[in-house]
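Numbering (this note's numbering), first residue to last: 110 to 464.
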């Protein structure tokens with residue numbers, strides 16, 4: 110792809126581990142006076158139907174041929190959504206940057222996998238597509254995550270902390286002149302699964318959790334998990350939830366779901382609040398930013414002031430920043446932070462599939 114200007118319009122795609130849906134954003138980036146500016150033009154979220162939700166949730170258990178087919182099928186489905194988005198919005202994009210949907214994330218073993226085949230996406234949309242943003246960093250000894258903090262560094266400098274409350278909770282901030290970031294804990298990937306036991310996709314505004322009572326013994330065991338004692342860089346994946354959180358919840362399977370939600374929510378709030386101990390503002394985004402009960406729990410443990418932005422930014426910050434990572438990749442500008450991931454060096458990461 111030949112680039113004659115640093116003003117580019119792209120589409121960002123984000124599918125989180127909470128399996129809410131596919132976030133799509135159309136955005137233009139432009140450098141002015143050595144500062145990066147962005148303009149959001151259109152955005153939407155395509156909710157997964159029950160078939161897609163089930164396929165994505167159970168992808169980790171598939172044999173290799175079926176997983177490969179899911180990778181292609183998801184790429185086709187995403188391409189169809191992008192094509193419909195562009196037609197409905199009368200929109201033309203110069204590139205697509207796709208996070209894909211994470212199935213495996215095992216940096217300690219040297220690999221990660223986000224499905225949603227990039228070659229298929231480029232071929233079926235006719236738009237240059239960038240995907241697989243994490244593997245290059247992991248190949249250099251990094252965690253391959255989180256990648257969003259680069260966007261925090263370039264776009265949201267007025268905040269002391271940038272907190273994302275998605276499938277996992279992660280934070281980004283500057284310490285001693287360098288930005289660091291890490292996953293704090295699991296979050297919606299656990300809370301949503303508990304809510305499904307009662308027939309709800311998620312606990313709206315924390316209404317179910319607010320009626321529950323904390324289970325002291327479970328809370329104590331959760332707060333002593335080894336991961337919380339590790340120093341950054343560090344990151345989490347669904348494998349950690351299955352091997353560490355799920356067995357604990359199984360031991361308490363006879364407890365009422367509201368009590369489990371209250372306990373897990375308070376536990377996550379403590380771990381999150383403990384990381385926000387500097388005065389200043391915290392930008393809160395991700396689906397958890399709409400959980401007022403959870404936010405009130407976090408406020409009990411943090412020093413920083415939580416600031417919830419517009420719904421547009423809550424819903425689209427990650428897709429916006431992955432569009433940014435694609436923009437930087439096309440220009441050949443580094444889009445990772447080794448201070449965040451622990452890699453040997455920063456790189457311009459992402460596999461590029463030309464239209």
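For every residue, glycine included, the Cβ atom is placed at its ideal position computed from N, Cα and C.
Just so it is clear, the structure is predicted and the values come from calculations on it, not from any experiment.
Start and end residues, beta strand (DSSP E) containing residue i
i           : result
residue 464 : That residue, residue 464, is in no beta strand (DSSP E); it is neither H nor E in DSSP.
residue 242 : Counting along the chain, residue 242 falls outside any beta strand (DSSP E), and DSSP gives it neither H nor E.
residue 103 : This structure gives no information on residue 103, because the portion of the chain shown stretches from 110 to 464.
Residue(s) in a DSSP beta bridge with residue i
i           : result
residue 215 : 220
residue 210 : 224
residue 294 : 278
residue 146 : 139
residue 51  : Past the boundaries of the shown model lies residue 51; the chain is included only from 110 to 464, so the question cannot be answered.
residue 415 : 391
residue 123 : 132
residue 317 : Partner(s): none; residue 317 has no beta bridge.
Contact under 8 Å by Cβ, residue i with residue j
i           : j           : result
residue 183 : residue 153 : no
residue 245 : residue 442 : no
residue 222 : residue 292 : no
residue 300 : residue 382 : no
residue 380 : residue 411 : no
residue 432 : residue 120 : yes
residue 390 : residue 229 : no
residue 320 : residue 367 : yes
residue 358 : residue 369 : yes
residue 281 : residue 290 : yes
residue 429 : residue 149 : yes
residue 256 : residue 445 : yes
residue 227 : residue 248 : no
6 Å CB neighbourhood of residue i in its chain, flanking five on each side removed
i           : result
residue 399 : none
residue 461 : 239
residue 156 : 130
residue 459 : 239, 242 and 438
residue 233 : 188
residue 116 : 139
residue 450 : 246, 251, 252 and 342
Beta-carbon proximity list for residue i, same chain, < 7 Å, skipping 5 on both sides
i          : result
residue 60 : Because the chain here runs from 110 to 464, residue 60 falls outside it and cannot be looked at.
Extent of the continuous alpha helix (DSSP H) to which residue i belongs
i           : result
residue 196 : 173–198
residue 456 : Where residue 456 is concerned, there is no enclosing alpha helix (DSSP H), given that its DSSP letter is neither H nor E.
residue 428 : 420–440
Same chain, Cβ closer than 8 Å to residue i, five either side skipped, listed in chain order
i           : result
residue 314 : 399, 400, 401 and 402
Contact between the stretch 226–244 and the stretch 259–268 (3+ Cβ pairs under 8 Å): no
Segment contact flag, the stretch 411–421 with the stretch 387–396, C-beta cutoff 8 Å, min 3 pairs: yes
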